[in-house]
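Numbering (full-length UniProt numbering), first residue to last: 1 to 142.
Here is the structure we will look at, set down as structure tokens.
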Amino acid sequence: MVDRNSVVVIDENVPLDTAALFGCAMLTGFGAVTHTASVRPGDSVAVLGLGGVGLAVVMSAAAAGAGEVLAIDPVPAKRELALELGATSACAPDEAPADTTGCSRWSARPPCWSRPTRSPGAAAAPCRWAYRIPMHESACPR
1 MVDRNSVVVI
11 DENVPLDTAA
21 LFGCAMLTGF
31 GAVTHTASVR
41 PGDSVAVLGL
51 GGVGLAVVMS
61 AAAAGAGEVL
71 AIDPVPAKRE
81 LALELGATSA
91 CAPDEAPADT
101 TGCSRWSARP
111 PCWSRPTRSP
121 GAAAAPCRWA
131 YRIPMHESAC
141 PR
């Protein structure tokens, strides 16, 4: 049995392929931002990997009022979409921090970070960070 707090009511007019996103990607990303990381207005958030969960983290961080949301992914189209969905800057994992995408502001790990991906490219020291983050782990040390 599922606890009622874990149930999301979706209007019957919502197509099933759209509704499926609420069962995993959206709730996982939203939960990472609001419950695990407790992102507050003005916080900085970096997202490593922009699949369904990563994009949900981007949207949720922006909705929570994060001051900066850095989206990191090797696929240019995913970075562009992340910028449309609320990221304030985006870069490829292997871009030098001195480029114009905004990575130059991130010389160390931001206070809040999320890596919802298994992508080898996204796991490779983004923006020259020396941090490795376990899959699906988000944290916001205070």
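For every residue, glycine included, the Cβ atom is placed at its ideal position computed from N, Cα and C.
Span of the alpha helix (DSSP H) holding Val58?
Within the sequence shown, numbered from 1, the residue matching residue 58 stands at position 58. Run containing Val58: Gly52 to Ala63, per the alpha helix (DSSP H) assignment.
DSSP on Val33, reduced to helix/strand/coil?
Here residue 33 is taken as the residue at index 33 of the sequence shown, counted from 1. If DSSP states are grouped into helix, strand and coil, Val33 belongs with the helices.
Close Cβ partners of Ala56 (< 7 Å) along its chain, the five nearest in sequence each way excluded
The sequence position of residue 56 within the sequence shown is 56, counting from 1. Ala25, Met26, Thr28, Gly29 and Phe30.
Pick helix, strand or coil for Ser38, following the three-state DSSP scheme.
For the purposes of this step, residue 38 is identified with residue 38 of the sequence shown, where counting begins at 1. In this structure, Ser38 counts as coil in the three-state DSSP scheme.
Can you give the Cα-Cα distance for Ser60 and Glu95, rounded to whole angstroms?
For the purposes of this step, residue 60 is identified with residue 60 of the sequence shown, where counting begins at 1. For the purposes of this step, residue 95 is identified with residue 95 of the sequence shown, where counting begins at 1. Going by the C-alpha atoms only, they are around 25 Å apart.
Give the C-beta separation of Val53 and Ala66 to the nearest angstrom, bearing in mind that I take them to be a contact with Cβ-Cβ under 8 Å.
Along the sequence shown, one-based indexing puts residue 53 at 53. Along the sequence shown, one-based indexing puts residue 66 at 66. 16 Å between Cβ atoms; not a contact.
What residue range does the beta strand (DSSP E) around Gly46 cover?
The residue labelled residue 46 in the question sits at position 46 within the sequence shown. A small correction: the amino acid at residue 46 is Ala; Gly does not occupy that position in the sequence shown. Taken as a continuous stretch (DSSP letters only), the beta strand (DSSP E) holding Ala46 covers Ser44 to Leu48.
Contacts around Ile10, its chain only, beta-carbon distance under 8 Å, and the 5 residues preceding and following it disregarded:
Translated into the one-based positions of the sequence shown, residue 10 becomes position 10. For Ile10, where only same-chain residues beyond five positions count, the Cβ hits under 8 Å are Ala19 and Phe22.
So for Leu70, helix, strand or coil by DSSP?
Taking the first residue of the sequence shown as 1, we reach residue 70 at position 70. In this structure, Leu70 counts as strand in the three-state DSSP scheme.
Can you have a look at Ala63 and say buried or exposed, based on whether 16 or more other CB atoms are within 10 angstroms of its CB?
Taking the first residue of the sequence shown as position 1, residue 63 is located at position 63. Classification of Ala63: exposed, given that the 10 Å Cβ count is below 16.
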